[in-house]
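Visitor:
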Amino acid sequence: MNSLYQLIQSLTSAEKKFFRLYSSRYELSHQKLEMILFDIIAKTKDPTDKKIKRKIKSRQLLNQLNLYKHLLYKNLLGHLAHYHLEKSAEDEVIDLLKKSKVLFQKAMYSESVRFLDKAIALARENELFALFLHLCEVRNKYERSRTDAERYFRDNLAGVAEEKQMNEQQRIIIDLRELNNKINYQIMMLGVAEDSRIKKQFSKNILKQLNRFSTLLRSKRAQHLYWKSFISIAYMNQDYKTARHYLQKILNDQEKIPGNHLENREELFRGYYLLLWSYFFQGEYVKAADVFKKINGLKVNTHNLSLLKFDLFINYEILTRIHTGRGDSSEEIERKLLDAYSSYLGLLDLQNTLVIHMNMATLFFVEKKFHKSMEWINKLLAHHQKHRDFEVVTRARILQILIQYELKLLKLLKYSILSTKRFISKKRALTTEEVLLLSAIQRLSVKTDEKRNQLLEKGIAYWVKGKPAGPILAQLISG
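Residue 66 in the numbering used here sits at position 64 of the sequence shown; the count goes up by one each step and never skips.
1) Are the C-beta of L35 and some C-beta of chain C separated by less than 9 Å?
2) Let's test the definition: count the other Cβ atoms within 10 Å of the Cβ of R550 and tell me whether it reaches 16, buried, or not, exposed.
3) Touch check for the stretch 62–76 and the stretch 94–103: three-plus C-beta pairs under 8 Å?
4) For L137 and L307, I'd like the C-alpha separation in whole angstroms.
5) For the pair the stretch 442–459 and the stretch 400–409, tell me if three or more CB-CB distances fall below 8 Å.
6) So is F271 buried or exposed if we call it buried at 16+ other beta carbons inside 10 Å?
7) Suppose contacts are defined by Cβ-Cβ distances below 9 Å. Is I174 in contact with F215 by that definition?
8) Quick one: is the Cβ of I96 within less than 8 Å of any heavy atom of the ligand GTP?
9) Should Q240 and L277 be called a contact, given that it needs their Cβ atoms to be closer than 9 Å?
10) Does the pairing of the stretch 465–472 with the stretch 359–371 give three or more beta-carbon distances under 8 Å?
11) Per DSSP, what kind of secondary structure is V95 in: helix, strand or coil?
12) State the start and end residues of the unbroken alpha helix (DSSP H) segment that holds V288.
13) If you count every other CB in all the chains shown that lies within 10 Å of the CB of A384, and 16 or more means buried, which is it?
14) Can you tell which of A91, H81, W229, E36 has the C-alpha that lies nearest to the C-alpha of Q66?
15) Using 8 Å as the cut-off, can you tell me whether the stretch 77–85 makes contact with the stretch 124–131, which would need three or more C-beta pairs spanning the two stretches below that distance?
16) Can you name the start and end residues of the alpha helix (DSSP H) that G472 belongs to?
17) Please report the residue range of the alpha helix (DSSP H) in which K230 lies.
18) Considering only the alpha carbon of each residue, which of K413, A398, N266, V357 lies closest to I426?
19) Going by alpha carbons, who is nearest to D177 out of Y228, I189, S147?
20) Do S375 and L339 count as a contact pair if the criterion is CB distance below 9 Å?
21) Just to confirm, are V357 and V395 a CB contact at a threshold of 9 Å?
22) If I measure Cβ to Cβ from M118 and keep anything under 8 Å in the same chain, skipping five residues before and after, which residues do I get?
23) Candidates Q456, S15, K120: which alpha carbon is nearest I96's?
24) Whole-angstrom Cβ separation of Y242 and F283, contact assumed at under 8 Å?
25) Using the Cα positions of Y275 and D150, report the straight-line distance between them to the nearest angstrom.
26) With V395 as the anchor, note down where its alpha helix (DSSP H) starts and where it stops.
27) Quick one: what does DSSP say L365 is sitting in, helix, strand or coil?
28) Whole angstroms is fine: what's the gap from K57's alpha carbon to A44's?
29) Any idea what DSSP makes of V466, helix, strand or coil?
30) Under 8 Å Cβ to Cβ from I335, same chain only, skipping five residues before and after it: list those, please.
31) Can you tell me whether DSSP reads R173 as helix, strand or coil?
32) Run through DSSP, which three-state label would D41 get?
33) In the structure shown, what three-state DSSP assignment does A195 receive?
34) If you check the beta carbons only, do I235 and I185 fall under 9 Å apart?
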């Protein structure tokens, strides 16, 4: 969907009202046409150029639609950037800097520096090191226009020690962020295959690099990044207990921060999100439900948080149904999901969408609704990115083979198994469990031993729910 349409459809009633009031101050003809276009888009469900053109009566607007769309997008973004109701700590610091600059241009030097001092204190308090350093540089420039030698010495000679300290803290944060990003990129590109030698060696190397930071953590931001790296490694190794240990340390800090800034709520949400799954995948469903209640109590008033919440809620609902059998029916969950997709207008990241599709396919498979499961698998395979999403696609292709086995599509099985093995081997070696599962399917598809079939069904059920299926499958193959 067009970016302008997405932006307008995402606006709250208050934001639409403020934009209309803001625009009503101007009487220029092109701005009147922009507002006509704005109202048409705002009142159109799932807007497209074709639908919008049908509703436009002004010939000028119709002939220059692309121009007016561009102008409206630019003005709307500018309005939202300046008048948005919730401001972050960075926004407050930048606002103080802007006011300080105005006062400096008016030669009101003392007042100008007073605003800068407020900005610097706020940047220090929120550990905004890059902004802090920039503000100190600006203050140095401003104080050259003053004659307060004592103040000049305090801020620009003695104060340089603090700037150097902040600069060092910023450097450590950048180094830690680089390490954290390496882990996340590894997970994105190679996934979390259970017995991957690459993964184990990678974790070892990262831990070695992390150890050198253990005595250099001078700020909360650095400490949290340090702990987040351990959390990512723990999740990659499916070590949920360790992940939970570091998550709880971060959450203890975040829960003490007043929720007056939007980014604090988002960080808290992400922390709870990870904590919930660390309990869930260990089978501690009651504790996971308690965390879910905390997340449900967080105030959501942006599309970003709304998307994060939707992603969590729908996956939690699906997986709760898969693992416990509780909650809405699979058909009801599917209906809610499809309704939500039309509301979010394609804003959900592709990776998130694929995971949801995979979970829906798994749910229908567990409930033995194999044709519905195949529908969701086909949706996933039709939209994945070629060089990404490897592990999700691998799991989808294996589930596709299991569906073919259950539906007795034996002619397809041989080709699907060979094709899937080739697909996986281009990226990595097949895991022991994958080899055992595919071998068992291939062998039993041509035999009718009831006892073996029951054992295979048990192995499949374990694999589908993410439980270790290797021992059962090994017994099946050796027998």
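Yeah, the Cβ is synthetic: ideal placement off N, Cα and C, and Gly gets one too.
Guide: In short:
1) Judged by its chain identifiers, the structure shown contains no chain C, having just a single protein chain.
2) No answer is possible for residue 550: the residues shown for the chain start at 3 and end at 481.
3) no
4) Their Cα atoms are separated by approximately 30 Å.
5) yes
6) buried
7) yes
8) Looking for the ligand GTP in the displayed structure turns up nothing, as the structure carries no ligands at all.
9) no
10) With contact defined as three or more Cβ pairs closer than 8 Å, the stretch 465–472 and the stretch 359–371 are in contact.
11) helix
12) 287–298
13) exposed
14) E36
15) The stretch 77–85 and the stretch 124–131 do not touch, with fewer than 3 CB-CB distances between them shorter than 8 Å.
16) Residue range 472–480 is occupied by the alpha helix (DSSP H) that includes G472.
17) 222–238
18) A398
19) Y228
20) no
21) No.
22) Note on identity: in this sequence residue 118 is Leu, with Met being the wrong assignment. For L118, where only same-chain residues beyond five positions count, the Cβ hits under 8 Å are L98, L99, S102, L137, V140, R141, Y144.
23) The candidate whose alpha carbon is nearest that of I96 is K120.
24) About 6 Å; that satisfies the 8 Å criterion.
25) 52 Å
26) 392–408
27) helix
28) 12 Å
29) helix
30) Taking I335 as the centre and dropping the five residues before and after it, the same chain places the C-beta of I316, E319, I320, R323, G329, M362, L365 closer than 8 Å to its C-beta, in chain order.
31) helix
32) helix
33) Annotation note: pLDDT 47 at A195 (below 50); position unreliable, coordinate value reported separately. Coil, per DSSP.
34) Yes. Within cutoff.
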